[in-house]
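Following: one structure in structure tokens, then a few remarks.
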Amino acid sequence: SSIVETYGVASYREINPTVFTIITFPFLFGVMFGDVAHGLVLFGLSLYLCLFHKLVKPASVLFSLVNFRYLLLLMGFFSTFCGLVYNEFASLPLFIGKSCFELSLIHISEPTRQAEISYAVFCLKKKKKKKQKKKKKNK
15 SSIVETYGVA
25 SYREINPTVF
35 TIITFPFLFG
45 VMFGDVAHGL
55 VLFGLSLYLC
65 LFHKLVKPAS
75 VLFSLVNFRY
85 LLLLMGFFST
95 FCGLVYNEFA
105 SLPLFIGKSC
115 FELSLIHISE
125 PTRQAEISYA
135 VFCLKKKKKK
145 KQKKKKKNK
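Here's what the structure looks like:
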């Protein structure tokens, strides 16, 4: 709620956006900061703060993060999730399983406009070899 209150407090008969911000803010952080390694570090630190918040001393550096421990936990979770989706681990690609699709780049231009505009479109093409092997096995 402290993030929402920096922009103002909802008055009577207004919807309090804190309920929507609880999930959307950490999710959008994860979309922006999608990395498995950094997400796990953030998730682990916030999990430690959630489990052992009474043991953190007021003079500690972590004491200022105790109030935001649940927000940081969600941010770490969504960052790890989006890092898996993006296939990113500490700025290095993950190789999780094999894919049957190849990514190819196709340029499409629109001659109907006054100035020619070309777009880069990513298309997924199935590998032909796997189809041919399956046909041979079925025969």
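All you need for this note's numbering is the position in the sequence shown, starting with 1, plus 14. Just so it is clear, CB atoms sit at the ideal spot from N, CA and C, and this is done for glycine as well.
Legend entry - Reference L98; option with closest CA among F39, L87, L54: L54
Inset, instruction - Ignore the nearest five residues each way along the sequence and tell me which others in S78's own chain have a CB closer than 7 Å to its CB. - result: none
Inset, instruction - Note down the Cα distance separating L65 from G58, rounded to an integer number of angstroms. - result: 11 Å
Legend entry - Extent of the continuous alpha helix (DSSP H) to which S78 belongs: Where S78 is concerned, there is no enclosing alpha helix (DSSP H), given that its DSSP letter is neither H nor E.
Legend entry - Check whether S105 and G44 have beta carbons under 8 Å apart: no
Legend entry - Rounded separation between S52 and I29 - CA only: Note that residue 52 corresponds to His in the displayed sequence, not to Ser. Distance between the alpha carbons of H52 and I29 is about 34 Å.
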